[in-house]
Amino acid sequence: MTNGVKRAKLVPASDAPSNSSSSSSSAEMSTMAKNNSNKSNSKSTKKRKTFDPMAVTWMEKYSDQMEKIWSRLPNFVGSAIATCAIFLLGATMRGEWLLVVVHFAKHLGYGTVEKNGTSGEDETSASVDWAKISLENFYLQNLSWYWVAACSVSYTMYFAIGGFLHWYFYVRQRDKAEEWKCQPQKWITPELERHEIIIGTISLLLTSTFSACLACYISNGGPCSVYYKFDDYSWTWWFLSWPVIYIYLDYATYWLHRIYHTPWLYKHFHKLHHKYKQPTAFSVTAIHPVEILHIQICLCIPLFALPTHWVPYCTIAMYNYYHGIIDHSGINFKAYWWQPWQPDAIFHDNHHQYFHVNFGFNCFIWDKIHGTYRQKDRIYTEDTYYGKGKLISEATRNEIEADMEERDSENPLAYRDNKLIYKISKKELEGKKLE
1 MTNGVKRAKL VPASDAPSNS SSSSSSAEMS TMAKNNSNKS NSKSTKKRKT
51 FDPMAVTWME KYSDQMEKIW SRLPNFVGSA IATCAIFLLG ATMRGEWLLV
101 VVHFAKHLGY GTVEKNGTSG EDETSASVDW AKISLENFYL QNLSWYWVAA
151 CSVSYTMYFA IGGFLHWYFY VRQRDKAEEW KCQPQKWITP ELERHEIIIG
201 TISLLLTSTF SACLACYISN GGPCSVYYKF DDYSWTWWFL SWPVIYIYLD
251 YATYWLHRIY HTPWLYKHFH KLHHKYKQPT AFSVTAIHPV EILHIQICLC
301 IPLFALPTHW VPYCTIAMYN YYHGIIDHSG INFKAYWWQP WQPDAIFHDN
351 HHQYFHVNFG FNCFIWDKIH GTYRQKDRIY TEDTYYGKGK LISEATRNEI
401 EADMEERDSE NPLAYRDNKL IYKISKKELE GKKLE
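Shown next as structure tokens:
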């Protein structure tokens with residue numbers, strides 16, 4: 001990213017001094033200008049080298065050293081490392097990795113066995129001595145260990161891997177943005193970049209705490225509907241649970257996301273996330289604390305609402321978190337051939353660029369069904385709610401000009417067949433039928 005350093009201009013000396021005093025004065029002014037320039041550059045250099053954990057620009061001073069190491073790696077190794085980094089960031093950023101570890105441990109026979117539901121009812125129905133209430137009553141004994149583990153790993157991965165991905169694309173390949181960036185002509189400002197990291201770290205504290213509580217609760221035998229032996233339920237249900245869990249998680253997220261795009265909720269909560277019209281990987285957690293906790297709670301409902309084997313649930317959750325990073329990366333990642341349901345990264349990048357459209361995440365069919373899929377003959381602004389947009393024929397000249405500018409900033413390489421499917425010609429604007 002740009003580091004904001006501006007070089008001061010030197011004031012030139014007089015070309016033909018008229019006398020010795022003017023020559024002396026001119027030389028003195030030139031010397032003063034040089035000194036001021038040196039001081040300015042020195043201050044700028046110091047500012048650039050200052051370590052600020054809430055910004056990623058500090059990593060740029062290590063770019064040359066990292067490039068020397070990276071250039072020695074074969075291309076396929078570098079791509080594999082970047083892919084693994086994205087997966088690790090998605091899996092660990094909000095503390096869900098701890099839940100996976102707990103489920104795996106319970107699968108191997110470790111941890112406390114869930115208490116029988118009737119006995120739990122008998123215990124709670126008796127008179128409660130509130131003076132003796134402890135974390136153990138809520139299956140949260142040793143919570144502090146879970147919390148420290150969840151937070152330490154989350155923050156380490158957030159800054160280390162998030163920083164690496166920022167360097168890999170936004171620093172190392174900045175001069176080739178047209179080859180990889182969804183909006184190659186537009187960049188998030190350093191101020192907004194720092195802002196999204198600050199908001200992200202606040203949200204990480206909440207989500208890591210929630211994940212720690214949930215992992216601790218399940219590890220200590222808290223009642224839930226998760227099962228670990230394959231023969232606890234039929235194999236038919238085990239295979240059927242994969243699409244059931246996937247559809248629930250994605251469809252619930254679609255509606256939750258869409259609800260937060262209604263006027264009141266958007267202005268008071270979700271608007272914070274839409275400050276970033278050119279999202280980066282750090283944007284994925286730059287969400288209002290109330291909203292991100294709401295999302296996390298909704299995604300945990302299957303663990304308590306229906307018999308859920310830990311393998312399908314954790315696998316699908318990790319898949320979703322991986323694509324959460326991809327969708328917010330601002331990079332023209334495309335779905336593989338075996339993912340016909342999965343939209344490309346430009347789908348959600350369009351959502352940030354045009355606000356109230358394309359609400360889905362890992363399945364675009366919900367937007368197709370509910371009419372919130374982006375249409376070529378409509379414009380979308382921050383003031384056009386509900387995902388339907390406004391017909392171009394009903395838009396003002398200023399709205400059309402602003403929309404055309406946004407369309408021109410999109411990267412054709414981010415779309416299938418490398419074509420700008422939403423680009424409108426002058427003839428089409430003059431009244432010809434839009435496809």
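Take the sequence shown: its letter number 348 is residue 348 in full-length UniProt numbering, and every next letter is one higher.
Where is the CB? At the ideal position from N, CA and C, for every residue including glycine.
**OP:** Within its chain, find whatever has a CB closer than 6 Å to the CB of R374; leave out the 5 residues flanking it on each side and keep chain order.
**Re:** Closer than 6 Å at Cβ, skipping near neighbours: N350, V357, N358.
Subject >> Selection from N137, I197, A317 that minimises the alpha carbon distance to H166 >> reply: Of N137, I197, A317, the residue nearest in Cα terms is I197.
Original post:
Which runs of the alpha helix (DSSP H) fall wholly inside the stretch 185-253 and span at least 4 residues, in chain order?
Top reply: Here the runs fully enclosed are 190-219.
Original post:
Looking at T280 and L204, is the spacing between their C-beta atoms short of 9 Å?
Top reply: Taking 9 Å as the Cβ cut-off, L204 and T280 do not qualify as a contacting pair.
Original post:
Measuring CB to CB, does A150 end up less than 9 Å from A91?
Top reply: No; because the gap between Cβ atoms is not below 9 Å, this pair is not in contact.
Subject >> Per-residue burial, S154 [other beta carbons within 10 Å of its own, 16 or more giving buried] >> reply: By the neighbour-count rule (16 or more Cβ atoms within 10 Å), S154 is buried.
**OP:** Starting from the C-beta of H273, find all residues in its chain whose C-beta is less than 8 Å away, skip the five residues before and the five after it, and write them out in chain order.
**Re:** Once the five neighbours on either side are set aside, the close Cβ partners of H273 are S283, A286, I287, H288, E291.
Subject >> Backbone secondary structure at Y422 - three-state DSSP >> reply: In the three-state scheme derived from DSSP, where H, G and I count as helix and E and B as strand, Y422 is classed as coil.
Subject >> Beta-carbon spacing of I331, C182 below 9 Å >> reply: Result yes, Cβ atoms of I331 and C182 sit closer than 9 Å.
Original post:
So what does DSSP say about E123, is it helix, strand or coil?
Top reply: At E123 the pLDDT is 46, less than 50, meaning the model places this residue with poor confidence and gives no usable figure here.
Original post:
If you draw a straight line from the alpha carbon of E178 to that of P340, how long is it in whole angstroms?
Top reply: Distance between E178 and P340, taken at the CA atoms: about 26 Å.
Subject >> For T308: DSSP bridge partner residues >> reply: The secondary-structure analysis by DSSP pairs T308 across a beta bridge with V226.
Original post:
Expressed to the nearest angstrom, what Euclidean distance is found between the alpha-carbon atoms of F104 and Y110?
Top reply: If you take the alpha carbons of F104 and Y110, they lie about 9 Å apart.
Original post:
By the 10 Å Cβ neighbour count, where 16 or more other Cβ atoms means buried, how is residue 440 classified, buried or exposed?
Top reply: The structure shown does not extend to residue 440, since the chain is modelled only from 1 to 435, so the question has no answer here.
Original post:
Where do the N-terminal and C-terminal ends of the alpha helix (DSSP H) with K267 fall, by residue?
Top reply: For K267, the uninterrupted alpha helix (DSSP H) run begins and ends at 263-268, by DSSP.
**OP:** Find the nearest neighbour of C224 within the set F76, P307, S241, judged by alpha-carbon distance.
**Re:** The shortest C-alpha separation from C224 is found at P307.
**OP:** Answer yes or no: do T381 and E399 have a C-beta to C-beta separation smaller than 9 Å?
**Re:** Yes, Cβ-Cβ distance for T381 and E399 is below 9 Å.
Subject >> Residues that DSSP places opposite L391 in a beta bridge >> reply: Assignment of beta-bridge partners to L391 by DSSP yields R378.
Subject >> For Y292, three-class secondary structure by DSSP >> reply: For the record, residue 292 in the displayed sequence is Ile; it is not Tyr. Three-state result, I292: helix.
**OP:** Identify which residue in N418, D231, A317, D344 has its Cα closest to the Cα of residue 436.
**Re:** Lying before the first or after the last residue shown, residue 436 is absent from the chain, which here runs from 1 to 435.
Original post:
Are there 16 or more other CB atoms within 10 angstroms of the CB of Y139, so buried, or fewer, so exposed?
Top reply: Buried.
Original post:
Pick from Y227, D408, Y158, R172: whose alpha carbon is nearest that of F304?
Top reply: Checked all of Y227, D408, Y158, R172; the closest Cα to F304 is Y227.
Original post:
For I202, which residues from the same chain have a beta carbon less than 7 Å from its beta carbon, with the 5 sequence-adjacent residues on both sides left out?
Top reply: Cβ neighbours of I202 beyond the five flanking positions: P289.
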